[in-house]
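Everything in the sequence shown is counted per numbering that gives the first Met the number 0, starting at 0 for the first residue and increasing by one.
Every residue, glycine too, gets a C-beta built ideally from N, C-alpha and C.
Everything on this sheet refers to the single structure shown next.
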Amino acid sequence: MTNRHMAFHKTTGHLQHVRDSKLLQKGPFAWILIALLMGLILAPAFFPGKSITSLGAALTLNCIPIGLGALLRARKGALFAAFLFSGMQIAANYHISGFMWQWQQDQRINWVFSSLAWLIFALVAGQFRHIANRLKIARAELEKQSLTDGLTGLPNHRDLLERLSKEVERARRFERGLSVVFFDADHFKRINDTQGHAVGDAVLRALGERVGRVLQGGDTLGRYGGEEFVVLLPEIEPAQAYEAAERMRVAVAATPIAPNAIEGGIHATISLGIASYPDDGTTGNDLLVKADEAMYWAKKRGRNQSCTVAQAAQAQEQAAQEESLQAHHSQQVNRKGMIASFFTSIEMRDSSMSDHARQVSDLARDIALQMNMDEAGITQVSQAGLLHDIGLIGFSEALLRKAEPLTASEWATIQQHPIFGAQILADSCLIDLIPAIRHHHESWNGRGYPDRLAGEAIPLASRIIAIAEAYCHMITDYPYQKGRSHADALEELQRCAGTQFDALAVCAATIVLMHHLKERTIQEGVAAH
Numbered sequence: 000m001t002n003r004h005m006a007f008h009k010t011t012g013h014l015q016h017v018r019d020s021k022l023l024q025k026g027p028f029a030w031i032l033i034a035l036l037m038g039l040i041l042a043p044a045f046f047p048g049k050s051i052t053s054l055g056a057a058l059t060l061n062c063i064p065i066g067l068g069a070l071l072r073a074r075k076g077a078l079f080a081a082f083l084f085s086g087m088q089i090a091a092n093y094h095i096s097g098f099m100w101q102w103q104q105d106q107r108i109n110w111v112f113s114s115l116a117w118l119i120f121a122l123v124a125g126q127f128r129h130i131a132n133r134l135k136i137a138r139a140e141l142e143k144q145s146l147t148d149g150l151t152g153l154p155n156h157r158d159l160l161e162r163l164s165k166e167v168e169r170a171r172r173f174e175r176g177l178s179v180v181f182f183d184a185d186h187f188k189r190i191n192d193t194q195g196h197a198v199g200d201a202v203l204r205a206l207g208e209r210v211g212r213v214l215q216g217g218d219t220l221g222r223y224g225g226e227e228f229v230v231l232l233p234e235i236e237p238a239q240a241y242e243a244a245e246r247m248r249v250a251v252a253a254t255p256i257a258p259n260a261i262e263g264g265i266h267a268t269i270s271l272g273i274a275s276y277p278d279d280g281t282t283g284n285d286l287l288v289k290a291d292e293a294m295y296w297a298k299k300r301g302r303n304q305s306c307t308v309a310q311a312a313q314a315q316e317q318a319a320q321e322e323s324l325q326a327h328h329s330q331q332v333n334r335k336g337m338i339a340s341f342f343t344s345i346e347m348r349d350s351s352m353s354d355h356a357r358q359v360s361d362l363a364r365d366i367a368l369q370m371n372m373d374e375a376g377i378t379q380v381s382q383a384g385l386l387h388d389i390g391l392i393g394f395s396e397a398l399l400r401k402a403e404p405l406t407a408s409e410w411a412t413i414q415q416h417p418i419f420g421a422q423i424l425a426d427s428c429l430i431d432l433i434p435a436i437r438h439h440h441e442s443w444n445g446r447g448y449p450d451r452l453a454g455e456a457i458p459l460a461s462r463i464i465a466i467a468e469a470y471c472h473m474i475t476d477y478p479y480q481k482g483r484s485h486a487d488a489l490e491e492l493q494r495c496a497g498t499q500f501d502a503l504a505v506c507a508a509t510i511v512l513m514h515h516l517k518e519r520t521i522q523e524g525v526a527a528h
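In structure tokens form, the structure reads like this:
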């Protein structure tokens, strides 16, 4: 082995230490600094009269490409800089080839140039490889950080979506099951507000650890955002997915979590929603949305439980029914309160008017029942009968109790009371009673008031109330006339059937009144004995 080869092997033994030095790891500017230092050291070789001028020129020409190559490598990229460095190195060596020929007889000079050339080449090549490796590691670390949640170390939102998309495609291609579990910590805001965000962060980390322990090898747990987590369960049936969700729930609730963050730990629970492919959705977004909705209903049902999409649908339907019943109940309560308020106004205006209203309401209700009206219709007739004369509360006492016959002007005023009654109810929750009250003085033949409706154009409730009111008026004593007997009043109704009153309604009223008359006769007989 020649001295040159031995020197080379001896030199390369130290290259690893040189390459990894702190100076060279600082990048291309370190190489520029080295080139400048070597230039300063060799500068005296260029002074006139020096015998080593050619040697100094050779070394300097070899140093310049190093500095330029390193600088350009930092700006243009490693590959471009490597080619440029090689080209300049060849040019420099070609330029000094004459000098090398003159010194080729001296093995020491050959050893110096060969060692220096190999050293420079090894250092530059090693630096290229070192920087490339560091860039590769940095890229890998950045990629990992972009897909990892910084708090829990789990896959983050972006990574979860990518994995979910792949799992859905795999499930579609191979016709296999896939379930998505969406869960979050119950009352997490309360934990943050009372214990602080540091404890809240510890709880989130602990949730990830607890749930991760009960998952299978192919399952994926990730943090979706905030206190929300998502679990992907590939190749699993819906029933098995529910069992897996229950294992997660039990694992979290079994013992307090995050004991290192707060003494005694936190008693935490989670609510979980489960969506399965393809029953609940055929895309990743569909499955996430459905699982999130199911989790919402798990919380609505009391928290600390698992809920499938089917169970959520049932809970939603049940909640809608309960809400409808509550709204109806509330409406009925408000309605009854409003009716009571209006009726109190009638009582305060005239007690005889309120007694008459009760009689009309009761009789109208019995007639509606006899005519097989539905429950809502019967209730409407009864309530409208109770308030049918609400429009009279604004009239004077003298007009209402006048013993003499009314003048034409006074009669015209009285005929306005159905309109006034409708106006009074217009801003209340009883607007459905307005037609029955406004038209209860219309006649079957169209000669009534206020709108002269005829026949079936008159609301059925109004036709029934008209009969009940007429009958009650006929049997009542007034200052200007004595009341008729029940038989006479019933006969008058039958006589006016088809003209003033609806004939079918009169038939129903006849049956009701005959029944009332029979009951009254029995009661009077019992009282006599």
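Whole-Å CB distance - residue i paired with residue j, under 8 Å assumed
| i | j | result |
| --- | --- | --- |
| asparagine 303 | threonine 254 | That pair is no contact at about 14 Å. |
| isoleucine 392 | isoleucine 345 | 6 Å |
| leucine 271 | phenylalanine 182 | 4 Å |
| cysteine 495 | valine 359 | No, cysteine 495 and valine 359 are not in contact; Cβ-Cβ is about 17 Å, not under 8 Å. |
| leucine 146 | arginine 204 | Actually they do not touch by this definition, with Cβ atoms about 18 Å apart. |
| arginine 209 | aspartate 148 | Not really, about 16 Å apart at Cβ, beyond 8 Å. |
| leucine 398 | aspartate 349 | About 12 Å; that fails the 8 Å criterion. |
| threonine 307 | alanine 293 | 6 Å |
| glycine 390 | proline 434 | Not a contact, Cβ separation roughly 14 Å. |
| leucine 492 | alanine 469 | 7 Å |
| valine 179 | valine 229 | 6 Å |
| isoleucine 338 | leucine 386 | 7 Å |
| serine 305 | alanine 297 | 6 Å |
| glutamine 499 | tryptophan 443 | 6 Å |
Beta-bridge pairing of residue i - partner residues as DSSP gives them
| i | result |
| --- | --- |
| alanine 201 | The partner list for alanine 201 (beta bridge, DSSP) is empty, contrary to what the question assumes. |
| threonine 498 | The partner list for threonine 498 (beta bridge, DSSP) is empty, contrary to what the question assumes. |
| glutamine 480 | Tyr477 |
| serine 178 | Leu232, Ser275 |
| alanine 184 | Ile269 |
| threonine 147 | Pro154 |
| alanine 307 | According to the sequence as given, residue 307 is threonine; it is not alanine. Threonine 307 is bridged to Ile273. |
| isoleucine 256 | Ile265 |
Cβ neighbour criterion (16 or more within 10 Å) applied to residue i
| i | result |
| --- | --- |
| glycine 207 | buried |
| methionine 372 | buried |
| serine 351 | exposed |
| proline 233 | buried |
| phenylalanine 173 | exposed |
| glutamate 242 | exposed |
| isoleucine 377 | buried |
| glutamate 161 | exposed |
| lysine 165 | exposed |
| lysine 289 | buried |
| lysine 9 | With a pLDDT of only 46 at lysine 9, under the threshold of 50, the placement of this residue in the model should not be trusted; the figure read from the coordinates follows. Flag for lysine 9 reads exposed. |
| histidine 266 | exposed |
| alanine 318 | exposed |
| tyrosine 276 | buried |
Proximal residues to residue i (C-beta, below 6 Å), its chain only, five neighbours per side dropped
| i | result |
| --- | --- |
| lysine 401 | none |
| glutamate 227 | Asp183 |
| asparagine 333 | Cys428 |
| methionine 370 | Ala507 |
| threonine 219 | Arg162, Leu231 |
| serine 353 | Ile345, Glu346 |
| aspartate 278 | none |
Proximal residues to residue i (C-beta, below 8 Å), its chain only, five neighbours per side dropped
| i | result |
| --- | --- |
| isoleucine 430 | Leu424 |
| aspartate 487 | Met473 |
| leucine 452 | His438, Glu441, Gly445 |
| isoleucine 261 | Gln194, Val198, Ala201 |
Close-in-space but distant-in-sequence residues of the same chain around residue i (CB under 7 Å, 5 per side omitted)
| i | result |
| --- | --- |
| alanine 363 | Val380, Ser381, Gly384, Ile463, Ile464, Ala467 |
| glycine 447 | His440, Glu441 |
| valine 213 | Arg246, Met247, Ala250 |
| asparagine 155 | Leu146, Thr147, Asp148, Gly221, Arg222 |
| isoleucine 413 | Leu405 |
| leucine 516 | His485 |
| lysine 75 | Because the pLDDT at lysine 75 is just 44, under 50, the model does not fix this residue reliably, and the value given afterwards should be weighed accordingly. Excluding sequence neighbours, lysine 75 sits near nothing in its chain. |
| leucine 432 | Gln379, Gln382, Ala383, Leu386, Leu424 |
| aspartate 291 | Phe181, Gly272 |
**Request:** May I have a chain-ordered list of the alpha helix (DSSP H) segments no shorter than 4 residues that lie completely inside the region 383–408?
**Result:** 396–399
**Length-filtered (3 minimum) beta strand (DSSP E) runs lying within the region 211–252** = 219–224, 227–233
**Continuous alpha helix (DSSP H) assignments of at least 4 residues falling wholly in the region 449–478** = Whole alpha helix (DSSP H) segments, 4+ residues: 459–473.
**Request:** Let me know the alpha helix (DSSP H) ranges lying completely inside the region 410–445, each 4 residues or longer, listed in chain order.
**Result:** 416–424, 433–437
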